[in-house]
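Written out below as structure tokens is the structure these notes cover.
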Amino acid sequence: MTLVVGHRGACAYRPENTFPSYELAVEHGVDAIEIDVHLTADGQLAVIHDETLDRTTDRTGRVAELTMDMIREADAGAGFAAEDGSHPYADQGLRVPTFAEVLDWLPEGVGLVVEIKAREATDATVEALRGSRVRAARAVNVISFDEASIERARELDPELDTGLLLVPFDKPERGLAWAVERGHLGVYPWDGDLGIDPRPLIAQANAFGRRLGCYVVNEPDRMRQLAAEGLWAFVTDMPDIGRAAVPRS
Ligand code: G3P
Ligand code: CA
Numbered sequence: 059m060t061l062v063v064g065h066r067g068a069c070a071y072r073p074e075n076t077f078p079s080y081e082l083a084v085e086h087g088v089d090a091i092e093i094d095v096h097l098t099a100d101g102q103l104a105v106i107h108d109e110t111l112d113r114t115t116d117r118t119g120r121v122a123e124l125t126m127d128m129i130r131e132a133d134a135g136a137g138f139a140a141e142d143g144s145h146p147y148a149d150q151g152l153r154v155p156t157f158a159e160v161l162d163w164l165p166e167g168v169g170l171v172v173e174i175k176a177r178e179a180t181d182a183t184v185e186a187l188r189g190s191r192v193r194a195a196r197a198v199n200v201i202s203f204d205e206a207s208i209e210r211a212r213e214l215d216p217e218l219d220t221g222l223l224l225v226p227f228d229k230p231e232r233g234l235a236w237a238v239e240r241g242h243l244g245v246y247p248w249d250g251d252l253g254i255d256p257r258p259l260i261a262q263a264n265a266f267g268r269r270l271g272c273y274v275v276n277e278p279d280r281m282r283q284l285a286a287e288g289l290w291a292f293v294t295d296m297p298d299i300g301r302a303a304v305p306r307s
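So this is what it looks like as structure tokens:
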């Protein structure tokens with residue numbers, strides 16, 4: 059069954075990479091939540107997409123140059139704008155989560171896709187996962203656009219499921235061949251690179267014993283098509299749409 063993965067939680071509806079966003083994704087019935095991790099100046103893992111606080115919070119500055127305490131002063135609900143332009147989650151006390159908080163909170167039965175955004179965050183991510191419930195359940199995937207990050211992750215923990223993200227217009231065939239050569243289980247192209255007919259790539263991934271996923275799919279017809287053809291997983295900003303299109307069997 060194709061997995062529905064909530065992109066930064068349910069980021070179409072609530073501030074990305076915050077607990078209200080993750081909680082809504084779980085309410086919508088996702089199979090897994092996708093999050094992004096960076097390393098702070100004091101060696102902690104902050105769950106935030108960008109290198110800086112600028113877009114998603116009311117503060118500025120590079121995550122790598124700030125301590126976690128400084129980052130926790132930022133309002134993680136400030137950047138989210140509703141359709142009418144209002145900011146309903148500003149001043150509600152939302153904070154940039156720590157990776158440890160997410161691991162503690164993650165409900166049983168919900169998987170986790172951890173995207174390493176900064177190579178420096180790799181060691182701490184793998185160490186934090188060691189002994190976690192989600193790793194024990196074999197329900198975590200560590201992924202990155204950076205080949206060196208997932209190479210390092212597998213070196214530190216060969217049992218960890220790792221995957222390579224491909225930037226738009228990078229050839230999925232190239233990613234698949236590299237993943238096979240290097241022993242990574244997953245390959246995650248941009249949906250557009252799967253083509254109108256994704257069957258040849260899905261067949262190729264299956265033949266190689268790889269998991270083929272893609273990002274970001276918000277169109278129900280496309281979700282249904284990808285699921286019907288046996289894609290392993292897709293990431294969506296709208297988990298309610300995803301779950302409705304791909305009901306649990
Ligand atoms: O899961 C893949 C997707 O999250 C990659 O793109 O920019 O949203 O991190 P981005
Ligand atoms: Ca991501």
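Counting from 59, one number per residue, gives the positions in the sequence shown under our numbering.
Note that CB positions come from ideal geometry on N, CA and C, so glycine has one too.
>> Closest to Pro226 by C-alpha separation, out of Leu243, Ile260, Gly253, Arg210, would be which residue?
In response: Gly253
> Are Ala83 and Pro297 touching if we call contact CB-CB under 8 Å?
Replying inline: yes
> Closest to Leu124 by CA distance: which of Asp100, Asp116, Gly135 is it?
Replying inline: Asp100
>> Count Cβ pairs between the stretch 127–141 and the stretch 208–223 that sit closer than 8 Å; are there 3 or more?
In response: no
>> Restricting to Cα atoms, I'd like to know which of Ser144, Val172, Val168 is closest to Thr156.
In response: Val172
> What's the C-alpha gap between Gly169 and Val304?
Replying inline: 17 Å
>> Please identify the residue among Gly64, Asp89, Pro73 whose C-alpha is closest to the C-alpha of Ser307.
In response: Asp89
>> With distance defined between alpha-carbon atoms, name the residue in Ala176, Glu159, Phe203 nearest to Leu187.
In response: Glu159
> Ordered along the chain, which non-local residues of its own chain (more than five positions away) have a Cβ less than 7 Å from that of Pro309?
Replying inline: With the chain represented from 59 up to 307, any question about residue 309 goes unanswered, as that position is not in the structure.
> Would the beta-carbon of Leu161 fall within 8 Å of that of Ala134?
Replying inline: no
>> Once DSSP output is grouped into helix, strand and coil, what is the label at Thr220?
In response: strand
> Looking at Glu159 and ligand 1, is the gap between the Cβ and the nearest heavy atom below 7 Å?
Replying inline: no
>> Please list the terminal residues of the continuous alpha helix (DSSP H) segment that includes Asn264.
In response: 257–266
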